[in-house]
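Numbering (the UniProt record's numbering), first residue to last: 1 to 590.
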């Protein structure tokens, strides 16, 4: 049946007065191989306000569609050259993101044929014969869908533009923040460092700074979550880290300052898991603290040493518990240290298995002494997580613990003589477990104004002498516990247990600054109420590179002009003197 025969069908009228000018509702493409059908449908659509374009077959329809970009298409099915099904599939592909409704006009009545219309990309169909009212209704329905889609597309374009602008602004902000955080770092070219943020902003943090004695301090941190919410706390942490490092304060006070800042500014559900390490100026000792980070690993000639988390992350409590104090371990040439955030260990493959359970242990166990691990570790990580999207920030740092990391000690050689002073303090019983902030106290009193360049060395001397008095004098710990590979962990566990059980004793520290025209000095005296040492123990305080303990006192001897033990070891006096030439022992060991 042709459209001409439909003119007499019930509900069909062509003499109605047009309510809209042709083209007011857009352009309609009519595809039919019968000229009379195209003409009659064109008249109907013109009355409804459409400008029409006609095509005689599917191939002609594609040319017309490309030239005119119509707003609606009426498609016959049975045509030569290219039928309606193939032409509709091509038109939908040409439409891309635009919704151009295609209405099939067909005399076919089989359900399978009608389903093919929809499967080919048609949006509706009209079975001949149809009334003019039904045609109008179908057009209105398609226009509603088209207008809704165009509204959504316009909003999507606007949102895409806003998102692109937001991403550009975030990228700029990240560059500024990263430079503000990282530009004060040192020795970065001598570290093996990989950082892979899960989004534009990086919630993992790596900070480095040389200490006044030439040593290196490094912090690897992981804020809660990732993205901007995680990275926002990096700047105050970097400020506190670098400020305290320049002043020469010890690790415990660096951590206390960072913890205090984060506790004040971060919400209750945000904190910083961190691992802080300090390498001594002569490169023979590592001081480390791990608060909530994955275990760090130290590769030495005698195997792997795990530096596991033993303290709370920063920013949770107003003050850090004393039991989570920094620890020490000796170093030798060729040792290497690996630190990481949990994003590395929790990286998943397409089966949901984490890297820590599928490859990490094997890479770690194959780590050869004095050889880099990072290339093999990253290759294994990439092979493991190749098919999955990264869900958390990743930071990995490998540190070769050699003299190339260290700097020349910053000694003030032009300090003019001034007036001297004497200062002392006493700690007893439950107060003994807290490392005294002696250098910070002297600085607050203005007593270090002329000695600031020597604050790091003084801090090292005081820390070692106080630890020696507490551990071997008051607590009566035996250094020979450190002789085995696991001895250091056992030693410090015993230390914490004895402190927690309550110790009774007293340690007195006394400092006097004695200015002289040629060479100033600071005289340090430390006295404890313990039972002292045996003669043999006192004699073993002499330097011995083969013994895995006693290096702290050896370092004090290197820094000082003299170190004298009295009263069977319960009293010690150290004299730290400086002149126009730095002490030989302050120069990093090559």
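For every residue, glycine included, the Cβ atom is placed at its ideal position computed from N, Cα and C.
Please state whether DSSP places residue 293 in a helix, a strand or coil.
coil
Rounding to the nearest angstrom, what Cα-Cα distance links residue 145 and residue 309 in this structure?
59 Å
Anyone know if the C-beta pair for residue 505 and residue 474 falls short of 8 Å?
Residue 474 sits close to residue 505, with the two beta carbons spaced by under 8 Å.
Quick one: using the 10 Å Cβ neighbour count with 16 as the cut-off for buried, is residue 176 buried or exposed?
exposed
With DSSP as the reference, label residue 249 as helix, strand or coil.
Correct three-state label for residue 249: coil.
Leaving out five residues on either side along the sequence, give the residues of the same chain with a beta carbon under 6 Å from the beta carbon of residue 393.
197, 198, 202, 203, 204, 226, 343
Taking the Cβ atom as the reference point for each residue, do residue 62 and residue 28 lie within a distance shorter than 8 Å?
Not a contact, by the Cβ cut-off of 8 Å.
Count the other CB atoms, across all protein chains shown, that sit within 10 Å of the CB of residue 118; report buried if there are 16 or more and exposed otherwise.
exposed
Indicate the three-state DSSP secondary structure (helix, strand or coil) for residue 56 in the structure shown.
coil
Which one of 222, 209, 230, 386 has the shortest CA to CA distance from residue 312?
222
Count the other C-beta atoms from every protein chain shown that fall within 10 angstroms of the C-beta of residue 209, then say buried if there are 16 or more, exposed otherwise.
buried
Can you have a look at residue 436 and say buried or exposed, based on whether 16 or more other CB atoms are within 10 angstroms of its CB?
buried
Please classify residue 352 as buried or exposed, where buried requires at least 16 neighbouring CB atoms within 10 angstroms.
exposed
Go through its chain and collect everything with a Cβ distance to residue 324's Cβ below 8 Å, but skip five positions before and after it.
289, 291, 310, 311, 312
From the DSSP output, in three-state form, read off residue 28 for me.
strand
What are the boundary residues of the beta strand (DSSP E) that includes residue 279?
272-279
Please classify residue 75: is it buried, with 16 or more other beta-carbons within 10 angstroms of its beta-carbon, or exposed?
buried
Excluding five sequence neighbours on each side, which residues of the same chain lie with their C-beta closer than 7 Å to the C-beta of residue 257?
240, 244
Distance, Cα to Cα, residue 464 vs residue 357?
40 Å
Cα-Cα, which of 279, 442, 346, 115 is closest to residue 462?
Considering only alpha carbons, the answer is 442.
Examine the Cβ distances between the region 552-561 and the region 488-498 and report whether three or more of them are shorter than 8 Å.
Flag = no, the region 552-561 and the region 488-498 do not touch.
How about residue 325: is its C-beta nearer than 8 Å to some C-beta of chain D?
Given the protein chain composition of this structure (a single chain), no chain D is represented.
Should residue 303 be labelled buried (16 or more other beta-carbon atoms within 10 Å of its own) or exposed?
Exposed.
At the level of alpha carbons, what is the spacing between residue 133 and residue 158?
37 Å
Go ahead and pull the three-state DSSP assignment for residue 92.
helix
My assumption, with CB atoms under 8 Å, is that residue 295 sits in contact with residue 349. Please give the rounded CB distance.
Between residue 349 and residue 295 the Cβ distance is about 22 Å, and since that is not below 8 Å, they are no contact.
Where do the N-terminal and C-terminal ends of the beta strand (DSSP E) with residue 209 fall, by residue?
204-210
Let's see if you can read the secondary structure: which residues bound the beta strand (DSSP E) around residue 168?
Per DSSP, residue 168 lies in no beta strand (DSSP E); the unbroken alpha helix (DSSP H) holding it starts and ends at 132-182.
In three-state DSSP terms, what is residue 220?
strand
What residue range does the alpha helix (DSSP H) around residue 365 cover?
360-365
Determine the closest residue to residue 322 out of 339, 255, 365, with distance taken between C-alpha atoms.
255
Give the C-beta separation of residue 332 and residue 300 to the nearest angstrom, bearing in mind that I take them to be a contact with Cβ-Cβ under 8 Å.
7 Å
Report the start-end ranges of each alpha helix (DSSP H) in the region 435-491 that is 4 residues or longer and not cut off at the edges.
438-444, 455-468
Would you please state the rounded distance, in angstroms, between the beta carbons of residue 399 and residue 336? I believe it to be under 8 Å.
7 Å
Could you check the C-alpha separation between residue 367 and residue 373 for me, to the nearest Å?
Separation of residue 367 and residue 373 (C-alpha to C-alpha, rounded to the nearest whole angstrom) is 6 Å.
Thinking just about the alpha-carbon of each residue, which of 283, 293, 187, 100 is nearest to the one in residue 328?
Taking the Cα of residue 328 as reference, the smallest distance to any Cα among 283, 293, 187, 100 is reached at 283.
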